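**Q**
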Amino acid sequence: MNLVLASTSVTRQDLLRAAGLDFEAIAPGVDEEVAKREMRAQAMAPQEQAAALAALKALAVSERRGGLVLGGDQVLAIGPETLDKPKDRAEAREQLIRLRGHTHELATSIVAARDGAVIWRHTEAPKLKMRAFSDAFLDEYLRRADETVLRSVGGYQLEALGAQLFERVEGDYFSVLGLPLLPLLAFLREQGIVAT
Numbered sequence: 059m060n061l062v063l064a065s066t067s068v069t070r071q072d073l074l075r076a077a078g079l080d081f082e083a084i085a086p087g088v089d090e091e092v093a094k095r096e097m098r099a100q101a102m103a104p105q106e107q108a109a110a111l112a113a114l115k116a117l118a119v120s121e122r123r124g125g126l127v128l129g130g131d132q133v134l135a136i137g138p139e140t141l142d143k144p145k146d147r148a149e150a151r152e153q154l155i156r157l158r159g160h161t162h163e164l165a166t167s168i169v170a171a172r173d174g175a176v177i178w179r180h181t182e183a184p185k186l187k188m189r190a191f192s193d194a195f196l197d198e199y200l201r202r203a204d205e206t207v208l209r210s211v212g213g214y215q216l217e218a219l220g221a222q223l224f225e226r227v228e229g230d231y232f233s234v235l236g237l238p239l240l241p242l243l244a245f246l247r248e249q250g251i252v253a254t
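Read in order, the letters of the sequence shown correspond to residues 59 to 254 in this note's numbering.
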């Protein structure tokens, strides 16, 4: 069976490849910003938002393509507030200052669709405690991380230099990176896509 990833996320693609999966990556072509505004207006919980966005992506590709389509998304929540990917380095700095010294939740969802219908979904919500780093450290982090701060919500990549920002992580490492990989592999084994 063809496996399709409805995502342009380099990290998700790398995780699937590293796990030995063959797949095709296709941009979902959905307006996430409009969807997020509607979800926030409805006061949807972060985990519900992540699952709905993942389903939106998977269904958008599944309706025009055969095979098993995977869609994934993450929503960062700190208290009642949710954050999006920073638009520029100044916004990345603001987000990191907002997160500094606090614990935030990273709701991460993966959805599988076939023939235009969701057939499976899984959501996890790791909690990350950012340490109370200095302004000087923040400036040096932003200089060294450069444009990578724009690739992820919160302005960090835990698998890289962003690890230095944290005091503690509770939950699944793969989910922090953007993909609940182990539950996904279990599902793919059930579907006969991965060897048992």
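All C-beta atoms in this analysis are idealised placements derived from N, C-alpha and C, irrespective of residue type, glycine included. These numbers were taken from a predicted model, which means no experiment stands behind them.
How would you label residue 122, buried or exposed, when you count the other beta carbons within 10 angstroms and need 16 or more for buried?
**A** With fewer than 16 Cβ atoms within 10 Å of its Cβ, residue 122 is classed as exposed.
**Q** Report all residues from its chain with a CB closer than 8 Å to the CB of residue 208; omit the five preceding and five following residues, and keep chain order.
**A** Contacts found: 143, 144, 145, 146, 147 and 150.
**Q** Would you mind stating whether residue 187 and residue 158 have Cβ atoms separated by less than 7 Å?
**A** In this structure, residue 158 does not lie closer than 7 Å to residue 187 by Cβ.
**Q** Kindly indicate which three-state DSSP category residue 210 falls into: helix, strand or coil?
**A** DSSP places residue 210 in coil when its eight states are reduced to three.
**Q** So, for residue 245: in the same chain, excluding its five sequence neighbours on each side, which residues have a beta-carbon less than 7 Å away from its beta-carbon?
**A** Excluding positions up to five away in sequence, the list reads 170 and 178.
**Q** Measuring CA to CA, which of 211, 197 and 129 is closest to residue 181?
**A** When each option's Cα is compared against that of residue 181, the closest is 129.
**Q** Between 107, 133, 240 and 192, which has its C-alpha nearest residue 224's C-alpha?
**A** Among 107, 133, 240 and 192, the Cα nearest to that of residue 224 is on 192.
**Q** How far does the alpha helix (DSSP H) with residue 69 in it reach, from first residue to last?
**A** It spans 68-76 - the alpha helix (DSSP H) in which residue 69 sits, taken as one unbroken run.
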